[in-house]
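Below you'll find the structure, written out as structure tokens, and then a few comments.
Protein chains: 2
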Amino acid sequence: MRRMKWTDLPNEGCSVARTMSVLGDRWTLLILRDTLFGIRRFDDIQKRLKITRHVLSDRLKRLESHGLLERKPYQERPVRYEYHPTQAARDFVPVMQAMTAWAQTHLPTEKPEPYRFLDRETRQPTDPKVIDANTGAEITSKSIWVETTRR
Amino acid sequence: MRRMKWTDLPNEGCSVARTMSVLGDRWTLLILRDTLFGIRRFDDIQKRLKITRHVLSDRLKRLESHGLLERKPYQERPVRYEYHPTQAARDFVPVMQAMTAWAQTHLPTEKPEPYRFLDRETRQPTDPKVIDANTGAEITSKSIWVETTRR
DNA sequence: TCATGTGAGTTCCATTTTGGAACCTAGATA
DNA sequence: TATCTAGGTTCCAAAATGGAACTCACATGA
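Residue numbers (our numbering), protein chains in the order written: chain A, 1 to 151; chain B, 1001 to 1151.
In structure tokens form, the structure reads like this:
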């Protein structure tokens, strides 16, 4: 009976486990958040997040290797790179927004939210809700049933 | 200019950061997943996840202290406890399901998904989608605009 | 009575990760 | 020539994690 290791997670069948193998490390999701919100340069991310430089360096490499960030030169001599979110990363935005709404309810704080998700056209605040695309019904823990397909 | 520490995250204004302060540790979300899927006893979680016992012990305490798990005795002499997800934890299920759908698209694998989220009444598979409750429109990275409210 | 088993942890030590600070490199600028 | 800038890397100490054994309270069986 093998012991599970953190580094085995990418090969798990469970999608939650695979997500955590990429984003479940300290700082990783916060770095992705910053790149999604427009902060793309090493020093800028490091200054905002105030994490150590080599953890940042490590996380950027891992996010790039998992296809969530792309390293693009923004100037020659000396060549310097920016980290751009890929489509896979951008597709995580709705998940992040659902997460934000959850935390606002269940991990409240006095401090103001530093970011707001607005409708791009109307500039009105949005209120994320997870629905079932098949029926249009809201998904809640009450409306769903978890089926264990193995074991 | 203070350096940010992992232990400062619970006090951040950013909801993503607060979420990660609770669930962004190694194994924590996978433990919560198991309790949500009905595995509630120390040894059962440990056997399924195959993580070390004192990491599990630590995570259960942290999840309890953040109000995501409740420790309930299921027998006397000797008294033994189960870890039950609270409403806050159950409310995370839709977020987890959105995460699952994201990983199925962007972190594909050959292995079958060990869990499926079915409609509790119809027992049909569900297809999670994040919409704006105000307009009913799907939320994607294209449809939203992130406004920075501070700094 | 004694040995064995069970569930839920705790303790101890080795290995990995992370934190903190300084250093390096290629050019730009003064 | 000296200093600055952006994007790292290197080094060492501190903290977290992995692995295994141990504890505790009771139950069970011989």
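Each residue gets a CB set at the ideal place from its N, CA and C atoms; glycine is no exception.
1) Q1046 (chain B) CB to nearest chain A CB: under 8 Å?
2) Would you identify the three-state DSSP class for D1132 (chain B), choosing helix, strand or coil?
3) Any Cβ of chain A within less than 8 Å of the Cβ of I1031 (chain B)?
4) Just the chain B side, please: which residues come within less than 9 Å of D43 (chain A) by C-beta, in chain order?
5) Verify whether the separation of the beta carbon atoms of N1134 (chain B) and D127 (chain A) is less than 8 Å.
6) State yes or no: is the beta carbon of E1070 (chain B) nearer than 8 Å to at least one beta carbon in chain A?
7) Can you list the residues of chain A that R1053 (chain B) reaches, using a CB-CB cut of under 7 Å?
8) Apart from the five residues on each side of it in sequence, which residues of its chain come closer than 7 Å, Cβ to Cβ, to M1020 (chain B)?
9) Can you check whether the C-beta of H1084 (chain B) is within less than 8 Å of a C-beta belonging to chain A?
10) Can A1103 (chain B) and V130 (chain A) be called in contact, C-beta distance under 8 Å?
11) Strictly below 7 Å CB to CB, what residues from chain B border T7 (chain A)?
12) So is D1119 (chain B) in contact with chain A if we call contact Cβ pairs under 8 Å?
13) Of all Cβ atoms in chain B, is any one closer than 8 Å to the Cβ of S65 (chain A)?
14) Measure the CB-CB distance between I1069 (chain B) and T1035 (chain B) and report whether it falls below 8 Å.
15) Please determine, among B:K1072, B:R1116 and B:C1014, the residue with the shortest C-alpha to C-alpha distance to E110 (chain A).
16) Give the straight-line distance between the Cα atoms of R1033 (chain B) and L1060 (chain B), rounded to the nearest whole angstrom.
17) Please report the distance separating the alpha-carbon of F1117 (chain B) from that of E147 (chain A).
18) Are the C-beta of E1147 (chain B) and some C-beta of chain A separated by less than 8 Å?
19) Could you give the distance in angstroms between the alpha-carbon of R71 (chain A) and the alpha-carbon of I1031 (chain B)?
20) By Cβ distance, which residues of its chain are closer than 8 Å to R1080 (chain B), with the 5 residues on each side in sequence left out?
21) Mark G24 (chain A) as exposed unless 16 or more other C-beta atoms lie within 10 angstroms of its C-beta, in which case mark it buried.
22) Could you round the C-beta distance between V93 (chain A) and M1096 (chain B) to whole angstroms and report it? I think they count as a contact, below 8 Å.
23) Work out the CA separation of E12 (chain A) and R1048 (chain B) for me, nearest whole Å.
24) Spell out whether any CB of chain B is found under 8 Å from the CB atom of S57 (chain A).
25) Note down the Cα distance separating I1045 (chain B) from T86 (chain A), rounded to an integer number of angstroms.
26) Compare the C-beta of P1128 (chain B) against all C-beta atoms of chain A and say whether one is closer than 8 Å.
27) With distances taken Cα to Cα, identify the nearest neighbour of Y83 (chain A) among A:L63, A:S143 and A:A101.
So, from the data block:
1) Here residue 1046 (chain B) corresponds to residue number 46 of the second sequence, with the count starting at 1. Chain A, which has no Cβ nearer than 8 Å to the Cβ of Q1046 (chain B), makes this no.
2) What you label residue 1132 (chain B) is simply residue 132 of the second sequence in a count that begins at 1. Three-state result, D1132 (chain B): strand.
3) Indexing the second sequence from 1 puts residue 1031 (chain B) at position 31. By this cut-off, I1031 (chain B) is not an interface position.
4) Indexing the first sequence from 1 puts residue 43 (chain A) at position 43. Within 9 Å Cβ-Cβ: nothing; D43 (chain A) doesn't reach chain B, min ~13 Å.
5) Here residue 1134 (chain B) is taken as the residue at index 134 of the second sequence, counted from 1. Here residue 127 (chain A) is taken as the residue at index 127 of the first sequence, counted from 1. Yes; because the gap between Cβ atoms is below 8 Å, this pair is in contact.
6) One-based indexing of the second sequence puts residue 1070 (chain B) at position 70. No, E1070 (chain B) does not count as interfacial toward chain A.
7) Position 53 of the second sequence holds residue 1053 (chain B). Neighbours of R1053 (chain B) on chain A: none; closest Cβ ~11 Å, over 7 Å.
8) Numbered from 1 along the second sequence, position 20 holds the residue referred to as residue 1020 (chain B). Here the set comprises L1009.
9) Numbered from 1 along the second sequence, position 84 holds the residue referred to as residue 1084 (chain B). It does not; no Cβ of chain A falls within 8 Å.
10) Along the second sequence, read from residue 1 onward, the residue named residue 1103 (chain B) stands at position 103. Along the first sequence, read from residue 1 onward, the residue named residue 130 (chain A) stands at position 130. Not closer than 8 Å, so no.
11) For the purposes of this step, residue 7 (chain A) is taken as residue 7 along the first sequence, with counting starting at 1. Within 7 Å Cβ-Cβ: nothing; T7 (chain A) doesn't reach chain B, min ~11 Å.
12) Here residue 1119 (chain B) refers to the residue found at position 119 when the second sequence is read from its first residue. It does: the Cβ of D1119 (chain B) has a partner Cβ on chain A nearer than 8 Å.
13) By 1-based counting over the first sequence, the position of residue 65 (chain A) is 65. It does not; no Cβ of chain B falls within 8 Å.
14) Taking the first residue of the second sequence as 1, we reach residue 1069 (chain B) at position 69. Taking the first residue of the second sequence as 1, we reach residue 1035 (chain B) at position 35. Checking the sequence, you will find Leu at residue 1069 (chain B) rather than Ile. Their beta carbons are under 8 Å apart, which means L1069 (chain B) touches T1035 (chain B) by this criterion.
15) Working through the first sequence from its first residue, we reach residue 110 (chain A) at position 110. Of B:K1072, B:R1116 and B:C1014, the residue nearest in Cα terms is B:C1014.
16) Within the second sequence, residue 1033 (chain B) is the residue found at index 33, counting from 1. Within the second sequence, residue 1060 (chain B) is the residue found at index 60, counting from 1. Straight-line Cα distance between these residues: approximately 12 Å.
17) Numbered from 1 along the second sequence, position 117 holds the residue referred to as residue 1117 (chain B). Numbered from 1 along the first sequence, position 147 holds the residue referred to as residue 147 (chain A). So the alpha carbons of these two residues sit roughly 6 Å apart.
18) Against the second sequence, residue 1147 (chain B) aligns to sequence position 147. Yes, contact with chain A.
19) Working through the first sequence from its first residue, we reach residue 71 (chain A) at position 71. Working through the second sequence from its first residue, we reach residue 1031 (chain B) at position 31. Rounded to the nearest angstrom, the two C-alpha atoms are 34 Å apart.
20) Stepping through the second sequence from its first residue, residue 1080 (chain B) is reached at position 80. Closer than 8 Å at Cβ, skipping near neighbours: R1041, P1073 and Y1074.
21) The count along the first sequence starts at 1 and reaches residue 24 (chain A) at position 24. Under this definition G24 (chain A) is a buried residue.
22) Your numbering for residue 93 (chain A) matches position 93 in the first sequence. Your numbering for residue 1096 (chain B) matches position 96 in the second sequence. No, V93 (chain A) and M1096 (chain B) are not in contact; Cβ-Cβ is about 17 Å, not under 8 Å.
23) One-based indexing of the second sequence puts residue 1048 (chain B) at position 48. One-based indexing of the first sequence puts residue 12 (chain A) at position 12. Taking the straight line from one Cα to the other gives about 13 Å.
24) Position 57 of the first sequence, counting from 1, holds the residue named residue 57 (chain A). No, no contact with chain B.
25) As a working note, residue 1045 (chain B) is residue 45 in the second sequence. As a working note, residue 86 (chain A) is residue 86 in the first sequence. Using only the alpha carbons, I get a separation of about 35 Å.
26) Locating residue 1128 (chain B) in the second sequence gives position 128, where the first residue counts as 1. By this cut-off, P1128 (chain B) is an interface position.
27) Within the first sequence, numbered from 1, the residue matching residue 83 (chain A) stands at position 83. Of A:L63, A:S143 and A:A101, the residue nearest in Cα terms is A:L63.
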